[in-house]
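Engineer: In order, the protein sequences belong to chains G and U. First residue of the first sequence? That's 17 in our numbering, and the numbers climb one at a time after it. First residue of the second sequence? That's 3 in our numbering, and the numbers climb one at a time after it. Each residue gets a CB set at the ideal place from its N, CA and C atoms; glycine is no exception.
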Amino acid sequence: MSPLMATAILTEALRRDYGTRPALRDVNLEVREGEMFGILGPNGGGKTTLFRILATLLRPHGGRASIFGRDVVAQARDVRRALGVVFQAPALDRHLTVRENLQIHGRLYGLDSATRRTAAAELLERFGIADRASERAGRLSGGLQRRVEIAKGLLHRPRLLLLDEPSTGLDPAMRRDLWALLRGLRDAAGVTVVLTTHFIEEAEGCDRIAILDGGRIVACGPPAELRRDVGGDVIVIRTTDPAPAAAEIERRFGGPVSVVDGTIRLERPGGHLLIPPIVEALQDRIESITLGRPTLVDVFIRRTGRRFEDGSTA
Amino acid sequence: MTTATGLLGPVTALAWREIVRFLRERHRVFGALAQPLLTWALLAAGLRGSFRLPSAPDGMSYGTYFFPGTLALIVLFTAIFSTISLIEDRREGFLQGVIAAPIPRASIAAGKVLGGASLAFAQAILVLPLAPIAGIRLTPSVVLTMLPAIAWIAVTLTAFSFCIAWRMESTQGFHAIMTVLLMPLWLLSGALFPASGAAPWLRVVMAINPLTYGVAILRRCLDPGSTAAVAGLPGTLPSWVVMIVFGIASCSLAAVLARSPGRNP
């Protein structure tokens, strides 16, 4: 495999504004073929804008983006053929049956009727919806509709599957199913999977992630590596008076100590050794004190200074 | 893949979808067909004694006069209902999948127009055999001239309606446009009353209205011999010229508009 082949997505200084508000700023990103790549960020962080540019539905205002070496603007038609796109709101016709939806999609992608039939049958089988093929899409549950949507996105055998918030509206069990399915695609068919998400736990399951906040990539890499960068353990303290308490901790135990949304945070190697003296020092001003391994939430806070509005808490 | 067959696939796929959807939504069949027929029956019965064209022969009833207008209304309603589904396609998400497909955007317009126009054509043709009830004789030559006329009017009105619906974000918005633009288009086309008896200013409006020429074509086709109903009507040839220009303009505009997907496709 040549190095050129190995690049699925490449963006350089990508920029997009909505009016005067920048939605994407200087986004540089490289996704390699066969990766499962997550674009994590809070709502309004620019994820959907990036998704839409990669799906050739929105033009960038600056910089460039290419998919398998093809420019998303100048060679949009080629890019579209290489892409399977799964939208947040399923792009199904509720009045048509599952099979008819796949048929239409196949015809839009120029598949001949034999290919359409065999590919549709195979995907419906693989996704466990073969028995629902003759039902109208609108009668299926949200989870099954999402599966039909993904089957549709894969019908023309794209090299890259691009999904916008695929877990939205799914219950935890359906979410696990979806993930097993996406991993299976990546492992068995070598499909590059790129998805946007605002679920931290979901991002943890990706090979690599980019954290997008305020239109910028604030961190990019494998989740474990990003967590490691935070350094040591994370101590989070709730107190009645966060600011003076933080100042006191910083004075007595050394910095840096930050206050994020009313809670005190500090990252230290060997954090458990620090807890008894902190409790001793602050005594009953402490409402709670927790020690944890850094998560992507901590990565986000570390890079942005703000708390991440996780999908599960929002 | 940009060959003619490569283009035809998506267009016919989208047109086929229009037709399947239409047949599955019974209320649309009812709305586009039953309502114009009911209007025709009620107006024909209600105005039987009141309405008389100047210098019309005795046999010319309002039902006869109104029949071509009824066909135009069926075509218009079907065109409207087909293109109004564009707003649902957008809202429900179907359209975004089509827009992300490797097809020219114009084929989205072409598919919608082909599908909608086929439905409009089929509905009008279904009603055509009722012409004798309206006192109109159907000869093979009448039917043969009606087919291209209805087909072209169907294409034109569906494309015109597509142009209005493409940027619309709500069906309410479309209904507003329908009330102030599309219905008057039909009301002032000579479908309901002839221009010859209208106020001078209205006659000007009717002369500008392109659908006047479409209805004139239908009226001349259905009533080749009589002069009464066609008195003051534009001739067949100029009518066709106007309709062809109107149709090509509508189709071209639809194709151009479809290039920009609009907000939140």
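Alpha carbons only, please: which of G/Glu296, G/Ala261, G/Gly308 and G/Leu298 is nearest the one belonging to G/Arg284?
Structural biologist: Residue 284 of chain G sits at position 268 when you count from the first residue of the first sequence. Nearest option by C-alpha distance: G/Gly308.
Engineer: Between the Cα of U/Ser63 and the Cα atoms of U/Ile76, U/Pro70, U/Gly71 and U/Ala46, which residue gives the shortest distance?
Structural biologist: Residue mapping note: residue 63 of chain U aligns to position 61 of the second sequence, counting from 1. Checking every option, the nearest Cα to that of U/Ser63 belongs to U/Ala46.
Engineer: Could you compute how far the alpha carbon of U/Met3 sits from the alpha carbon of G/His172?
Structural biologist: Reading the second sequence from its first residue, position 1 is the one you call residue 3 of chain U. Reading the first sequence from its first residue, position 156 is the one you call residue 172 of chain G. The pLDDT assigned to U/Met3 is 42, lower than 50, so where the model puts this residue is not dependable; a value taken from the coordinates is nonetheless given after this. Computed Cα separation, rounded: 14 Å.
Engineer: Let me check understanding here. Comparing Cα to Cα, which of U/Gln174, U/Leu49, U/Leu194 and U/Ser163 lies closest to U/Ala218?
Structural biologist: Taking the second sequence and counting its residues from 1, one reaches residue 218 of chain U at position 216. When only C-alpha atoms are compared, the closest one is U/Leu194.
Engineer: Mind listing the chain G neighbours of U/Phe96? Cutoff is C-beta to C-beta under 7 Å, in chain order.
Structural biologist: To locate residue 96 of chain U, count along the second sequence from 1; it is residue 94. Ala107, Leu108 and Asp109, listed in chain order.
Engineer: By a C-beta neighbour count over all protein chains shown, 10 Å radius and 16 as the cutoff for buried, is G/Pro292 buried or exposed?
Structural biologist: For this step, residue 292 of chain G is matched to residue 276 along the first sequence. Classification for G/Pro292: exposed.
Engineer: Could one say the Cβ of U/Ile268 lies closer than 9 Å to chain G's Cβ atoms, at least one of them?
Structural biologist: Here chain U covers residues 3 to 267 and nothing more, so residue 268 of chain U does not appear.
Engineer: Going straight from the alpha carbon of G/Thr376 to that of G/Ile280, what length do you get?
Structural biologist: Residue numbering for chain G in the displayed model covers 17 to 330; residue 376 of chain G lies beyond these limits and cannot be assessed.
Engineer: Can you tell me where the alpha helix (DSSP H) holding G/Phe269 begins and where it ends?
Structural biologist: Stepping through the first sequence from its first residue, residue 269 of chain G is reached at position 253. First-last of the alpha helix (DSSP H) with G/Phe269: Pro258 to Phe269.
Engineer: Label G/Asn44 either buried or exposed according to how many other C-beta atoms from any shown protein chain fall within 10 Å of its C-beta, with 16 as the threshold for buried.
Structural biologist: Locating residue 44 of chain G in the first sequence gives position 28, counting from the first residue. Its Cβ having fewer than 16 others within 10 Å, G/Asn44 is exposed.
Engineer: Distance, Cα to Cα, U/Ser254 vs G/Gly100?
Structural biologist: The count along the second sequence starts at 1 and reaches residue 254 of chain U at position 252. The count along the first sequence starts at 1 and reaches residue 100 of chain G at position 84. Distance between the alpha carbons of U/Ser254 and G/Gly100 is about 30 Å.
Engineer: Less than 9 Å separating the beta-carbons of U/Leu149 and U/Leu140?
Structural biologist: Start at 1 with the first residue of the second sequence, and residue 149 of chain U comes out as number 147. Start at 1 with the first residue of the second sequence, and residue 140 of chain U comes out as number 138. Contact: no.
Engineer: In chain order, what residues of the same chain lie with their CB nearer than 6 Å to the CB of G/Ala330, ignoring the 5 residues before and after it?
Structural biologist: For the purposes of this step, residue 330 of chain G is taken as the residue at position 314 of the first sequence. Residue placement at G/Ala330 is poorly supported in this model, since its pLDDT is 35, which falls under 50; the coordinates still yield a value, given next. So the list is empty, once near-sequence residues are dropped.
Engineer: Starting from G/Asp229, follow the beta strand (DSSP E) in both directions and report where the run begins and ends.
Structural biologist: Here residue 229 of chain G is taken as the residue at index 213 of the first sequence, counted from 1. Where G/Asp229 is concerned, the enclosing beta strand (DSSP E) stretches over Arg224 to Asp229.
Engineer: Expressed to the nearest angstrom, what Euclidean distance is found between the alpha-carbon atoms of G/Glu218 and U/Ile250?
Structural biologist: Here the question's residue 218 of chain G lines up with position 202 in the first sequence. Here the question's residue 250 of chain U lines up with position 248 in the second sequence. C-alpha separation (whole angstroms): 52 Å.
Engineer: Does G/Arg96 get closer than 9 Å to chain U when you measure Cβ to Cβ?
Structural biologist: Here residue 96 of chain G refers to the residue found at position 80 when the first sequence is read from its first residue. Yes - at least one Cβ of chain U is within 9 Å of the one on G/Arg96.
Engineer: What are the residues in the stretch 60 to 74 of chain G lying within 8 Å of chain U by C-beta distance?
Structural biologist: Taking 8 Å as the Cβ-Cβ cut-off against chain U, the residues of the stretch 60 to 74 of chain G that qualify are Ala71, Thr72 and Leu73.
Engineer: Hey, how far is the Cα of G/Met17 from the Cα of G/Glu46?
Structural biologist: If you number the first sequence from 1, residue 17 of chain G lands on position 1. If you number the first sequence from 1, residue 46 of chain G lands on position 30. Summary for G/Met17: the model assigns pLDDT 42, below 50, so the residue's position carries little reliability; its value from the coordinates is reported in the next sentence. Rounded to the nearest angstrom, the two C-alpha atoms are 17 Å apart.
Engineer: Could you check the C-alpha separation between G/Ala24 and G/Phe324 for me, to the nearest Å?
Structural biologist: Counting from 1 along the first sequence, the entry for residue 24 of chain G is found at position 8. Counting from 1 along the first sequence, the entry for residue 324 of chain G is found at position 308. Spanning the two alpha carbons is a distance of roughly 28 Å.
Engineer: Sort U/Ala167, U/Leu159, U/Gly216 and U/Arg23 by Cα distance to U/Ser252 and report the nearest one.
Structural biologist: The residue given as residue 252 of chain U occupies position 250 in the second sequence. Cα-wise, what sits closest to U/Ser252 is U/Leu159.
Engineer: Can you tell me whether DSSP reads G/Arg162 as helix, strand or coil?
Structural biologist: Residue numbering aside, residue 162 of chain G sits at position 146 when the first sequence is read from its first letter. Here G/Arg162 sits in helix by DSSP.
Engineer: Just the chain G side, please: which residues come within less than 9 Å of U/Glu171 by C-beta, in chain order?
Structural biologist: For the purposes of this step, residue 171 of chain U is taken as the residue at position 169 of the second sequence. Simply none; closest approach about 15 Å.
Engineer: In the DSSP assignment, find the unbroken beta strand (DSSP E) run with G/Arg232 in it and report its ends.
Structural biologist: As a position in the first sequence, residue 232 of chain G is number 216, starting the count at 1. Its beta strand (DSSP E) spans residues Arg232 to Gly237.
Engineer: What are the start and end residues of the beta strand (DSSP E) that includes G/Pro293?
Structural biologist: For this step, residue 293 of chain G is matched to residue 277 along the first sequence. It is not in any beta strand (DSSP E) - G/Pro293 instead sits in the alpha helix (DSSP H) that spans Gly287 to Leu298.
Engineer: Would you decide whether U/Pro202 is buried or exposed? Buried here means 16 or more other CB atoms lie within 10 Å of its CB.
Structural biologist: Taking the second sequence and counting its residues from 1, the one referred to as residue 202 of chain U is at position 200. So U/Pro202 counts as exposed.
Engineer: Just checking my contact of U/Ile152 with U/Phe123 at CB under 8 Å: how many whole Å lie between their CB atoms?
Structural biologist: Here the question's residue 152 of chain U lines up with position 150 in the second sequence. Here the question's residue 123 of chain U lines up with position 121 in the second sequence. That belief holds up - the Cβ atoms of U/Ile152 and U/Phe123 are roughly 6 Å apart, short of 8 Å.
Engineer: Do you know how far the Cα of G/Arg37 is from the Cα of G/Arg162?
Structural biologist: Locating residue 162 of chain G in the first sequence gives position 146, where the first residue counts as 1. Locating residue 37 of chain G in the first sequence gives position 21, where the first residue counts as 1. Distance between the alpha carbons of G/Arg162 and G/Arg37 is about 32 Å.
Engineer: Rounding to the nearest angstrom, what Cα-Cα distance links G/Arg115 and G/Val88 in this structure?
Structural biologist: Reading the first sequence from its first residue, position 99 is the one you call residue 115 of chain G. Reading the first sequence from its first residue, position 72 is the one you call residue 88 of chain G. Whole-angstrom Cα-Cα distance: 30 Å.
Engineer: Taking the CB atoms as reference points, tell me whether G/Ile253 and G/Ala261 lie closer together than 9 Å.
Structural biologist: Locating residue 253 of chain G in the first sequence gives position 237, where the first residue counts as 1. Locating residue 261 of chain G in the first sequence gives position 245, where the first residue counts as 1. In contact: G/Ile253 and G/Ala261 (Cβ atoms closer than 9 Å).
Engineer: Could you tell me which whole beta strand (DSSP E) segments of length 3 or greater appear in the stretch 77 to 152 of chain G?
Structural biologist: List check, beta strand (DSSP E) in window: 78 to 83 and 99 to 102.
Engineer: Among G/Cys236, G/Glu141, G/Leu177 and G/Cys222, whose alpha-carbon lies nearest the alpha-carbon of G/Leu70?
Structural biologist: Mapped onto the first sequence, residue 70 of chain G falls at position 54. Nearest of G/Cys236, G/Glu141, G/Leu177 and G/Cys222 to G/Leu70, Cα basis: G/Leu177.
Engineer: To the nearest angstrom, how far is the alpha carbon of G/Val250 from that of G/Arg268?
Structural biologist: Position 234 of the first sequence, counted from the first residue, corresponds to residue 250 of chain G. Position 252 of the first sequence, counted from the first residue, corresponds to residue 268 of chain G. Taking the straight line joining both Cα atoms gives about 18 Å.
Engineer: To which residues does DSSP link G/Glu46 through a beta bridge?
Structural biologist: Working through the first sequence from its first residue, we reach residue 46 of chain G at position 30. According to DSSP, which records beta bridges pairwise, G/Glu46 is partnered with G/Leu26.
Engineer: G/Gly308 bridges to which residues according to DSSP?
Structural biologist: To locate residue 308 of chain G, count along the first sequence from 1; it is residue 292. G/Val250, per the DSSP bridge assignment.
Engineer: Distance check for U/Trp168 and U/Leu259, CA to CA, integer angstroms please.
Structural biologist: Reading the second sequence from its first residue, position 257 is the one you call residue 259 of chain U. Reading the second sequence from its first residue, position 166 is the one you call residue 168 of chain U. About 7 Å.
Engineer: Here's a check: name, in chain order, each residue in its chain whose Cβ is nearer than 6 Å to the Cβ of U/Thr80, leaving out the five neighbours to either side.
Structural biologist: Your numbering for residue 80 of chain U matches position 78 in the second sequence. Closer than 6 Å at the Cβ level, and outside the excluded window around U/Thr80, lie Ala34, Leu121, Ala122 and Gln125.
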